[in-house]
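*Asks:*
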Amino acid sequence: MREKKRLESALTTESELSRRSDDITAYFDLAREGEKVDDELRREIDGLKQLVERVETETLLSGENDARNAIVTIHPGAGGTESQDWADMLLRMYLRWAERKGFQTVLYDYQAGEEAGLKSATFAVNGEYAFGLMNGEIGVHRLVRISPFDQAKRRHTSFASVYVSPEIDDTVEVIIKPEDIRIDTYRSSGKGGQHVNTTDSAVRITHIATGLVAACQNERSQHKNKERAMSMLRSKIYEYEMEKKREATKKIEDSKLDINFGSQIRSYVLQPYRMIKDHRTKVEIGDVDRVLDGDLQPFIRAYLVMKRGEKQN
Numbered sequence: 003m004r005e006k007k008r009l010e011s012a013l014t015t016e017s018e019l020s021r022r023s024d025d026i027t028a029y030f031d032l033a034r035e036g037e038k039v040d041d042e043l044r045r046e047i048d049g050l051k052q053l054v055e056r057v058e059t060e061t062l063l064s065g066e067n068d069a070r071n072a073i074v075t076i077h078p079g080a081g082g083t084e085s086q087d088w089a090d091m092l093l094r095m096y097l098r099w100a101e102r103k104g105f106q107t108v109l110y111d112y113q114a115g116e117e118a119g120l121k122s123a124t125f126a127v128n129g130e131y132a133f134g135l136m137n138g139e140i141g142v143h144r145l146v147r148i149s150p151f152d153q154a155k156r157r158h159t160s161f162a163s164v165y166v167s168p169e170i171d172d173t174v175e176v177i178i179k180p181e182d183i184r185i186d187t188y189r190s191s192g193k194g195g196q197h198v199n200t201t202d203s204a205v206r207i208t209h210i211a212t213g214l215v216a217a218c219q220n221e222r223s224q225h226k227n228k229e230r231a232m233s234m235l236r237s238k239i240y241e242y243e244m245e246k247k248r249e250a251t252k253k254i255e256d257s258k259l260d261i262n263f264g265s266q267i268r269s270y271v272l273q274p275y276r277m278i279k280d281h282r283t284k285v286e287i288g289d290v291d292r293v294l295d296g297d298l299q300p301f302i303r304a305y306l307v308m309k310r311g312e313k314q315n
């Protein structure tokens, strides 16, 4: 089914490229005849450029799991309210990015901070190549700004970590023995609890050997939350094992590094100047509001190009 959808999408894209190319040719013919078509021509060229960039990005996604849905977990670093608020800002950024891409998102778990922000959040991004596009966001994200929680208006540095795993289906066998996990239940709360109740319906499952955790609280029943959490845990364990088999230089344990100085993949500086810089690709963008509102395409594309270069070397 997934392959069928991919082929249908490829055919649709090919048809769209052909149509836009024909429309641009037609507008040039009209222009040569003296028609005023500057605005229409500019609009079609911009649309074609965006389509070509999207196709180019998809050609960079050739990993085994790149086409799968993504499961994303965000944790704040040390720093209390500051880092928790930053983690919440990252959550908003990714949800807005997914909305821009036309992806569906499901917030499975949201643990609110005491004053503001979040202690942890897990959500799914459902759509073609969601994991491949989100994979480059794994790591520590650093924020520098004047704190809205500091009455002295001092500059603060905050950290939050992002981890992404592919959502696997029943075609991939991952065996989890009952004695290998710990199951905790708690009361649904926060943004993830659409059906907040007074029962302990939320479920958190910990894989003892790896320390991997999956939690879900957005379903009405404990049974459904447990089922969904177990599915997410299978996905996380699968990605964990794939990382070990690939003997990648950056293994899953790297996501458990101290969330502080020296381990960040990207810095978001709002004060004393405004700039977002990816420390791996060296891409810098001065329009920080645009990025925080979900425009991650320059960073994602640069990361994919960098990874392709690494494979070719």
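When the count follows our numbering, it moves up by one through the sequence shown with no breaks and lands on 315 for the last residue. All C-beta atoms, glycine included, are put in the ideal place defined by N, C-alpha and C.
Would you kindly report the start and end of the unbroken alpha helix (DSSP H) that includes Ser-85?
*Replies:* Along the sequence shown, one-based indexing puts residue 85 at 83. Here the alpha helix (DSSP H) through Ser-85 covers 83-103.
*Asks:* Please state the DSSP three-state secondary structure of Gly-36.
*Replies:* Translated into positions along the sequence shown, residue 36 becomes position 34. In this structure, Gly-36 counts as coil in the three-state DSSP scheme.
*Asks:* Inspect the beta-carbon positions of Ala-114 and Thr-107 and report whether they are closer than 7 Å.
*Replies:* The count along the sequence shown starts at 1 and reaches residue 114 at position 112. The count along the sequence shown starts at 1 and reaches residue 107 at position 105. The answer is no: Cβ separation not under 7 Å.
*Asks:* Which partner residues does Asn-128 have in the DSSP bridge list?
*Replies:* Taking the sequence shown and counting its residues from 1, one reaches residue 128 at position 126. Partner(s): Gln-106.
*Asks:* Do you know offhand how far Glu-153's Cα is from Val-74's?
*Replies:* Counting from 1 along the sequence shown, the entry for residue 153 is found at position 151. Counting from 1 along the sequence shown, the entry for residue 74 is found at position 72. According to the sequence provided, residue 153 is Gln. The question's Glu does not apply to it. Cα to Cα, Gln-153 sits roughly 33 Å from Val-74.
*Asks:* Roughly how many whole angstroms lie between the Cα atoms of Thr-212 and Arg-222?
*Replies:* Within the sequence shown, residue 212 is the residue found at index 210, counting from 1. Within the sequence shown, residue 222 is the residue found at index 220, counting from 1. Approximately 29 Å between the Cα atoms of the pair.
*Asks:* Rounded to whole angstroms, how far is the Cβ of Ile-76 from the Cβ of Ser-122, which I believe are closer than 8 Å?
*Replies:* Here residue 76 refers to the residue found at position 74 of the sequence shown. Here residue 122 refers to the residue found at position 120 of the sequence shown. Correct: roughly 7 Å between the Cβ atoms.
*Asks:* Grab the span of the beta strand (DSSP E) containing Asp-291 for me, first residue to last.
*Replies:* Stepping through the sequence shown from its first residue, residue 291 is reached at position 289. No beta strand (DSSP E) contains Asp-291, which is instead part of the alpha helix (DSSP H) from 290-294.
*Asks:* Would you kindly check if the distance between the Cβ of Ser-163 and the Cβ of Val-142 is under 7 Å?
*Replies:* Locating residue 142 in the sequence shown gives position 140, where the first residue counts as 1. Locating residue 163 in the sequence shown gives position 161, where the first residue counts as 1. Closer than 7 Å, so yes.
*Asks:* Between the alpha carbons of Glu-312 and Arg-303, how many angstroms are there, rounded?
*Replies:* As a working note, residue 312 is residue 310 in the sequence shown. As a working note, residue 303 is residue 301 in the sequence shown. Taking the straight line joining both Cα atoms gives about 14 Å.
*Asks:* Taking the alpha carbon of Ser-190 as the point to measure from, which residue in Ile-210, Tyr-165, Val-166, Cys-218 has its own alpha carbon closest?
*Replies:* Start at 1 with the first residue of the sequence shown, and residue 190 comes out as number 188. Ranking Ile-210, Tyr-165, Val-166, Cys-218 by Cα distance to Ser-190 puts Cys-218 first.
*Asks:* Determine the DSSP secondary structure at Glu-255, reduced to helix, strand or coil.
*Replies:* Taking the first residue of the sequence shown as position 1, residue 255 is located at position 253. Only weak support exists for where Glu-255 lies, its pLDDT of 42 falling under 50; the value from the coordinates is given anyway. In this structure, Glu-255 counts as helix in the three-state DSSP scheme.
*Asks:* For Asp-297, name the three-state secondary structure that DSSP assigns.
*Replies:* Taking the first residue of the sequence shown as position 1, residue 297 is located at position 295. DSSP places Asp-297 in coil when its eight states are reduced to three.
*Asks:* Which stretch, first to last residue, makes up the beta strand (DSSP E) that contains Lys-279?
*Replies:* Position 277 of the sequence shown, counted from the start, is the residue given in the question as residue 279. Element bounds for Lys-279: 277-280.
*Asks:* Hey, would you say Leu-306 sits closer than 7 Å to Leu-62, going by beta carbons?
*Replies:* On the sequence shown, position 304 is the one that residue 306 refers to. On the sequence shown, position 60 is the one that residue 62 refers to. Their beta carbons are under 7 Å apart, which means Leu-306 touches Leu-62 by this criterion.
*Asks:* Can you tell me which of the three DSSP states Val-198 falls into?
*Replies:* Translated into positions along the sequence shown, residue 198 becomes position 196. In this predicted model, Val-198 has a pLDDT of only 48, less than 50, meaning its place in the structure is not dependable; the value taken from the coordinates is given anyway. Note: Val-198 maps to coil in three-state DSSP.
*Asks:* Establish whether the CB of Ile-287 and some CB of chain B are separated by less than 7 Å.
*Replies:* Included in the structure is just one protein chain, with no chain B present.
*Asks:* Which residues share a DSSP beta bridge with Val-57?
*Replies:* The sequence position of residue 57 within the sequence shown is 55, counting from 1. The partner list for Val-57 (beta bridge, DSSP) is empty, contrary to what the question assumes.
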